[in-house]
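In the working numbering, the protein residues as written are 4 to 233.
Down below is the structure, laid out as C-alpha cells.
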Amino acid sequence: MAVAEARGPSADRQLAAEALGSFFLFATVVGSGIMGETLAGGNVAIALLGNTIATGAILFVLIAALGPVSGAHFNPAVTLVFALRREIGPGLAVAYLAAQLAGGLLGVWSAHAMFEAPVFQFSENIRTGQGQWLGEGIATFGLLFTILGCLRSRPDWVAPAVGLYITAGYWFTSSTSFANPAITVGRAFTNSFSGIAPADVAGFVAAQFAGAVLAWLICRWLFEPQVQRS
4 MAVAEARGPS
14 ADRQLAAEAL
24 GSFFLFATVV
34 GSGIMGETLA
44 GGNVAIALLG
54 NTIATGAILF
64 VLIAALGPVS
74 GAHFNPAVTL
84 VFALRREIGP
94 GLAVAYLAAQ
104 LAGGLLGVWS
114 AHAMFEAPVF
124 QFSENIRTGQ
134 GQWLGEGIAT
144 FGLLFTILGC
154 LRSRPDWVAP
164 AVGLYITAGY
174 WFTSSTSFAN
184 PAITVGRAFT
194 NSFSGIAPAD
204 VAGFVAAQFA
214 GAVLAWLICR
224 WLFEPQVQRS
C-alpha cells in the first residue's frame, strides 16, 4: 500500500495563520496600550512598560505556535526579505501582505470593542521627524538581523529572540520600534496610546522597508558560507 508523501501546509492554511497571528498581535499592541494608559494614571513610562511586556510576550507565543504553518511573518518587511531570499513566491508574498493587513485591522477594531471605545477611529498621535524615521529603520534592521541570524545558528531561538528584541526596541529606539509596515497602518486606525497619525505612516513605512532591505544585504554577506581555497 502506497504511503502519501507529507507536504507542507497549504496556501490557505498559511494565509489563515498570517491573518490569525496578525489579529492577535495587533489586538495585543492596541489593547495593552489602552489598558496601560487607563491604569497608569498619566504616567507614560508605566503605560509604555505595560505595552512593551504584552507585545514581547505575544510575539513569543505567536511565533512558537504559528511558525511551523506560515513562518510567522505577521509583517510585510519580513515577508519582503523572505521573498528576496526566494523562500516565498511573489504571489504568495502579496497574499501574505493582504492577510496581515486584514487580520491586523480586525485585531485593532476588536481591541476597541473590548474596551467599549468607538470601533472606527483615526489616530491624532503625531510621530514624525528624522529621528523617529531613523529609529524605525534601525528597529526594522535589528528585527531582520535577529531573525536571519537565529535561523542560521539557532532556529529554535527565533521566537524568544524576536520577543526579546522587540521588548528592547520599545525602549532603545526613538520611535518605540513599530518595525512593521502592516502594524504601522493598523495603528493609524486607533486614537489611543499606540496610534500614529495617518499623515505620518508613509515616513515610517519607507524607513521600515529600507531597514529590512539593508539587513537582508548585510546578513547575506555576513552569514554566507565562505568557500575555502585550496
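The C-beta atom is built at its ideal place from N, Cα and C for all residues, glycine as well.
Asked                                                                                                                                                                    : Found
Run the CB neighbour count on methionine 4, radius 10 Å, all protein chains shown included, and call it buried at 16 or more, exposed below.                             : Only weak support exists for where methionine 4 lies, its pLDDT of 39 falling under 50; the value from the coordinates is given anyway. Burial call: exposed.
Quick check: what's the CA-CA separation for alanine 19 versus alanine 48?                                                                                               : 35 Å
Express the C-alpha separation of methionine 117 and glycine 11 in angstroms, rounding to a whole number.                                                                : 36 Å
Exposed or buried, alanine 205, counting other C-beta atoms within 10 Å across all chains shown (16 or more means buried)?                                               : exposed
What did DSSP end up calling histidine 76 once you bin it into helix, strand or coil?                                                                                    : coil
For glutamine 2, I'd like the list of residues in its chain whose CB is within less than 7 Å of its CB, leaving aside the five on either flank, ordered along the chain. : The structure shown has nothing for residue 2, since the chain only spans 4 to 233.
Taking the Cβ atom as the reference point for each residue, do alanine 182 and glutamate 139 lie within a distance shorter than 8 Å?                                     : yes
Determine the closest residue to valine 32 out of Ser180, Cys222, Tyr99 and Gly214, with distance taken between C-alpha atoms.                                           : Ser180
Exposed or buried, phenylalanine 125, counting other C-beta atoms within 10 Å across all chains shown (16 or more means buried)?                                         : exposed
Is glycine 214 buried or exposed, if buried means 16 or more other CB atoms sit within 10 Å of its CB?                                                                   : buried
I'd like to check one pair, leucine 28 with glycine 110: are the Cβ atoms closer than 8 Å?                                                                               : yes
Using 8 Å as the threshold, is the region 187–202 in touch with the region 153–168, meaning 3 or more CB pairs across them?                                              : no
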